[in-house]
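Undergrad: I'd like to ask some things about the structure below.
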Amino acid sequence: MEIILNDLMLTLCMLLVRAEFCKQLVDAKGLETIKHIMTTYPSSEKINRQCFKLLKALAGNDHCKALIIQNEFAPVILSVLQANKKNVTVAVAGLHCVSALCLRSPENSNALINTGIPEIIVVLMRMHPNENSIQKTASWAIRNLVSRNKSEINVFLELGTEELLLAALKKFQDISYDIKAALRDLNCNVQLKEEWTGKGGALTTGYLKDNN
Ligand SMILES: *[C@@H]1O[C@H](CO)[C@@H](O)[C@H](O)[C@H]1NC(C)=O
Ligand SMILES: *[C@@H]1O[C@H](CO)[C@@H](O)[C@H](O)[C@H]1NC(C)=O
């Protein structure tokens, strides 16, 4: 059963490059089916990774993006992320999905924030400090969640997000653009927070790639 679902999901993902198919899927109660699958198999890594990819693809259409959150996906996304937080692949797909859902949508962002998505983002960043892909997609999600509504910044600052982003900035030069963009959208002073690494005098945001 899980294998069939996985294949189905992959096929749907490929079909979704066509925007009109996206609307058809939503009209045909496709969202209800995806939600049913996610709530029935909350711990299946393969299925949920595909579901996250599918939702992300659907979110490329503004109408679908709004419908996903109106169909109460926020708590489903949260519980699937919680159930799979140890699996980097699934968590990255989930963070990617969250960032697509809140891109240019303060309504979706507010719903996801009120559901507790900032808390799980911070949990994932703390659990996987050495995973570049987690730190990068978390930065994207944070940025999109706050960029259209500065009143949402505080929840992230209170969770210690600035310190986590600065730690990631020191560690991963190759994603410094993504992390700095998140810091800037959190109204943090990026320039002032840059420190000397003490390694050959390179700035943390500089060109030495072999610090770790
Ligand atoms: C994480 O989930 C993927 C499926 O998305 C699976 O292939 C992989 O084995 C899992 N990794 C771990 C460490 O459990
Ligand atoms: C912006 O964020 C505040 C604080 O969470 C919230 O009360 C308000 O409804 C949000 N605005 C929109 C357009 O979602």
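Using mature numbering (1 follows the signal peptide of the UniProt record, and there is no 0), the letters of the sequence shown correspond one by one to residues -19 to -1, 1 to 193. Cβ coordinates follow ideal geometry from the N, Cα and C atoms, glycine included. Here the structure is a predicted model, which is why all the values come from computation and not from measurement.
Is it the case that the Cβ atoms of Val71 and Asn29 are separated by a distance below 8 angstroms?
TA: Going by C-beta atoms, Val71 is nearer than 8 angstroms to Asn29.
Undergrad: Just to confirm my understanding: we take Leu48, look at its own chain, exclude 5 residues before and 5 after, and list those with CB closer than 8 angstroms. What are they?
TA: Correct list, in chain order: Val7, Leu12.
Undergrad: I'd like to check one pair, Ala119 with Met108: are the Cβ atoms closer than 8 angstroms?
TA: The answer is no: Cβ separation not under 8 angstroms.
Undergrad: Apply the 10 Å Cβ neighbour rule to Gly182 and answer buried if 16 or more other Cβ atoms are within range, or exposed otherwise.
TA: The predicted model places Gly182 with a pLDDT of 38, which falls under 50 and marks its position as unreliable; any figure quoted below should be read in that light. So Gly182 ends up on the exposed side.
Undergrad: Check whether the stretch 121 to 138 and the stretch 80 to 93 are in contact - that is, three or more C-beta pairs closer than 8 angstroms.
TA: Judged by Cβ distances under 8 angstroms, the stretch 121 to 138 makes contact with the stretch 80 to 93, as three or more pairs qualify.
Undergrad: Out of Gln5, Gln31, Glu112, Leu59, point me to the one whose CA is closest to Asn42's CA.
TA: Of the listed residues, the one whose Cα sits closest to Asn42 is Gln5.
Undergrad: Tell me which residues pass a beta-carbon proximity test against ligand 2: closer than 7 angstroms to any heavy atom, given in chain order.
TA: Every residue passing the under-7 angstroms Cβ criterion appears here: Pro87, Glu88, Ser90, Asn91, Ile94, Asn130, Ser132, Glu133.
Undergrad: Where does Leu140 fall in DSSP's three states?
TA: Leu140 falls in the coil class under three-state DSSP.
Undergrad: Suppose contacts are defined by Cβ-Cβ distances below 8 angstroms. Is Gly75 in contact with Val57 by that definition?
TA: No. Outside cutoff.
Undergrad: Can you tell me whether DSSP reads Tyr158 as helix, strand or coil?
TA: Helix.
Undergrad: Any residue with its Cβ nearer than 5 angstroms to a heavy atom of ligand 1 should be included. What is that list in chain order?
TA: Ordered along the chain, the selected set is Glu26, Lys27, Arg30, Asn68, Thr70.
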